[in-house]
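**Q** Here you go, one structure.
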Amino acid sequence: MSVRYTFDTIPWAEILICIESASGGLLQHVFLDPISEFSHKNILNCLLTELQLRARQLLDQVEQIQKEQNYQRYREERFRMTSESTNQRVLWWSIAQTIILILTGIWQMRHLKSFFEAKKLV
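The sequence shown begins at 1 in full-length UniProt numbering and counts up by one.
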């Protein structure tokens, strides 16, 4: 049985290979044939594409941060509008309660006055 694995890597990468036999005691042969097809031009192209990839990743991160900031601004604006609306309602509710209390007090005073005048206590 012959299995062949091939992979590409940068020329200065550290590669660790672990080989373990699953067949109990059979003699197996392992051939490692590292082939380096990199030239200086390929290394420069590799570095350039790595830099381009890193730049693209950074641009994607910046775009994601901008989207998150816009979303947070939207949430903050919505929260501010909700808070202002709630504060406005609380203000009008307090004014309405105060008016109702004053009107109830006036009505009670008139009612008590007319009651005492009818009983001729005043």
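Beta carbons are placed, not taken as given, at the ideal position from N, Cα and C, and that holds for glycine.
Every value quoted in this text rests on a predicted model; they were computed, and no experiment measured them.
1) In whole angstroms, give me the CA-to-CA distance for G105 and Q88.
2) Using only the alpha-carbon positions, how far apart do I65 and Q52 sit?
3) Taking DSSP as the reference, what is the three-state secondary structure of K120?
**A** Let's see:
1) Here residue 105 corresponds to residue number 105 of the sequence shown, with the count starting at 1. Here residue 88 corresponds to residue number 88 of the sequence shown, with the count starting at 1. About 26 Å.
2) On the sequence shown, position 65 is the one that residue 65 refers to. On the sequence shown, position 52 is the one that residue 52 refers to. The alpha-carbon atoms of I65 and Q52 are separated by roughly 20 Å.
3) As a working mapping, residue 120 is identified with position 120 in the sequence shown. K120: coil per DSSP, three-state reduction.
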